[in-house]
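Its first residue numbered 4, the sequence shown is counted upward by one per residue in our numbering. Note that the Cβ used here is the ideal one computed from N, Cα and C, for glycine as well. For clarity, every value in this text was computed on a predicted model and none was experimentally measured. See structure below.
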Amino acid sequence: MVLENYITNPYVRSIVLALGIIIITRIVISLAFGVAKSFTKRTKTDLDDLIMNKVATPLTIIIFLFAIEIPLRELPLSESIELIVSKIIFSIAITIVAYMIYVLFDLIILNAWKEFSRRTKTKVDDSLTSLINTILKITLIVIAFLYILNLWGFEIGPLLAGLGIAGLAVALALQPVLSNVFSGASIILDKTVRVGDLIYLENNVKGKIEKIGLRSTKIRTFDNEWIIIPNTKLAESQIQNVALPEPKSRAVVSFGVKYGSDIDKVKKIVMKEIKSIKEVVDDPEPIVRFIEMGESSLNFKAYFHVSSFEHRWEALDEANTKIYNALNKAGIEIPFPQMDVHLKK
Numbered sequence: 004m005v006l007e008n009y010i011t012n013p014y015v016r017s018i019v020l021a022l023g024i025i026i027i028t029r030i031v032i033s034l035a036f037g038v039a040k041s042f043t044k045r046t047k048t049d050l051d052d053l054i055m056n057k058v059a060t061p062l063t064i065i066i067f068l069f070a071i072e073i074p075l076r077e078l079p080l081s082e083s084i085e086l087i088v089s090k091i092i093f094s095i096a097i098t099i100v101a102y103m104i105y106v107l108f109d110l111i112i113l114n115a116w117k118e119f120s121r122r123t124k125t126k127v128d129d130s131l132t133s134l135i136n137t138i139l140k141i142t143l144i145v146i147a148f149l150y151i152l153n154l155w156g157f158e159i160g161p162l163l164a165g166l167g168i169a170g171l172a173v174a175l176a177l178q179p180v181l182s183n184v185f186s187g188a189s190i191i192l193d194k195t196v197r198v199g200d201l202i203y204l205e206n207n208v209k210g211k212i213e214k215i216g217l218r219s220t221k222i223r224t225f226d227n228e229w230i231i232i233p234n235t236k237l238a239e240s241q242i243q244n245v246a247l248p249e250p251k252s253r254a255v256v257s258f259g260v261k262y263g264s265d266i267d268k269v270k271k272i273v274m275k276e277i278k279s280i281k282e283v284v285d286d287p288e289p290i291v292r293f294i295e296m297g298e299s300s301l302n303f304k305a306y307f308h309v310s311s312f313e314h315r316w317e318a319l320d321e322a323n324t325k326i327y328n329a330l331n332k333a334g335i336e337i338p339f340p341q342m343d344v345h346l347k348k
């Protein structure tokens, strides 16, 4: 009799049913994910493993939510309470699904961007992925919020109309900000400047690109200071990018020797010293030119290219030092600027 009371009791029945469903669901999920992981381990890419790890917990929660809804129907609840419980479950599920979409999209876009960068030999710029992630996050939050409101019986038509009007007003108010955002996206996609590039701007502004943000671009100067330029202004500026079209950079060393020096010997000595510098490349080949017969010296220029603009100043320092020491060692005088004045009696 007591057992019969327990069996016919809706609360006991609901608890037993819930436990049974949880156990069965847990077993099925474990088996399904176990089989899926065995397949993902055989693939060459790590993307599917990352996706499995990211979606496993959210997907398990969603399955449990809908599994729990079944035993709840065994309880003697009013129709209104059942509807509220169902809406709560669906609202949580919608939020989790939105999160899963964001995570999946984030993984796929980031992986695709890295693969594209690897194939095209371009730098991976976090600014673009950050911009895409921000837009995606806001879009998913708005869609999920509107869907949940609609689920709870709110009229979203007037809300959408209001959002449209409010959006227009905000867009007009934030026009300068939005202009900078779109200019930033244009700079990133156009790849005229990239993070790490050395650039020269108007008004003698020069430095390395540290970050291309949504509103502004940060440039680190040689004095280790930041110059923050709005993206709109940067997009409209005339930019000299030392890192493009290739990282190789030309350097020039000017020097003079005493009149009467052997020109061919000077060229040979300087060329040997230039080629001994580690960062100097063979293509284009270094060259030493006899430029002019100056007022107090025979003037030369040594032209050479270094592997990267980042090594330009070190290479110039090394070149000047080696040329000076080599000419002194060879007994070739480097004269001071002087002027001979002859007075007639």
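So, using beta-carbon positions, are residue i and residue j closer together than 7 Å?
| i | j | result |
| --- | --- | --- |
| R223 | K211 | yes |
| Y203 | Q243 | yes |
| I95 | E72 | no |
| A318 | I280 | yes |
| T137 | A70 | no |
| V255 | M274 | no |
| I335 | V260 | yes |
| V38 | M103 | no |
| E276 | A329 | yes |
| F312 | L201 | yes |
| W155 | K209 | no |
So, at 8 Å on beta carbons, what are the nonlocal neighbours of residue i in its own chain, with the 5 sequence-adjacent residues on each side left out?
| i | result |
| --- | --- |
| T60 | none |
| L346 | none |
| K40 | D52, M55 |
| K270 | V291, F293, F303 |
| N331 | I337 |
| I190 | V196, I215, T220, N234, L237, A238 |
So residue i is in the beta strand (DSSP E); what residue range does that whole segment cover?
| i | result |
| --- | --- |
| W229 | 229-233 |
| N302 | 301-309 |
| S252 | 252-260 |
| F293 | 290-296 |
| G216 | Premise fails: G216 is in no beta strand (DSSP E) and is neither H nor E. |
| I202 | 201-203 |
In its own chain, which residues sit with a C-beta less than 7 Å from the C-beta of residue i, not counting the 5 before and 5 after it?
| i | result |
| --- | --- |
| I32 | T63, I66 |
| L139 | Y105, F108 |
| E205 | S240, Q241 |
| N323 | V256 |
| I26 | none |
| E321 | I280 |
| L110 | L50, L53, I54, K57 |
Apart from the five residues on each side of it in sequence, which residues of its chain come closer than 6 Å, Cβ to Cβ, to residue i?
| i | result |
| --- | --- |
| S257 | K304 |
| E295 | N302 |
| H308 | K251, R253, V284, P287 |
| L237 | T220 |
| S186 | N234, T235, A238 |
| A2 | Examination of residue 2 is not possible in this model, given that the chain is present from 4 through 348 alone. |
| G199 | none |
| L22 | none |
| S310 | E282, V284 |
| R315 | S252, A254, V309 |
| Q341 | S299 |
Just reading off the alpha helix (DSSP H) that residue i is part of, what are its end residues?
| i | result |
| --- | --- |
| K268 | 266-278 |
| L1 | Outside the displayed span of the chain (4 to 348) sits residue 1, for which this structure offers no information. |
Whose C-alpha, out of the options, is nearest the C-alpha of residue i?
| i | options | result |
| --- | --- | --- |
| I97 | K57, L75, I54, I144 | I144 |
| V344 | S311, N323, S299 | S299 |
| T194 | E82, I337, I215 | The sequence given here has Lys at residue 194, not Thr. Nearest C-alpha to K194: I215. |
| E213 | F225, N207, N206 | F225 |
| G364 | H314, I337, R315 | What is shown of the chain runs 4 to 348, which leaves residue 364 out entirely. |
| I24 | L68, F157, T46, L34 | L68 |
| I99 | I151, I84, L86, E85 | I151 |
Against chain D, with Cβ distances strictly below 7 Å, would residue i count as a contact?
| i | result |
| --- | --- |
| G23 | Looking for chain D here will not work: only one protein chain is present. |
*So, do the region 234-253 and the region 264-275 have three or more beta carbon pairs nearer to each other than 8 Å?*
Inter-segment contact for the region 234-253 and the region 264-275 is absent: fewer than three beta-carbon pairs are separated by less than 8 Å.
*Taking 8 Å as the threshold, find out whether the region 277-284 comes into contact with the region 222-242 through three or more Cβ pairs.*
No, the region 277-284 does not touch the region 222-242.
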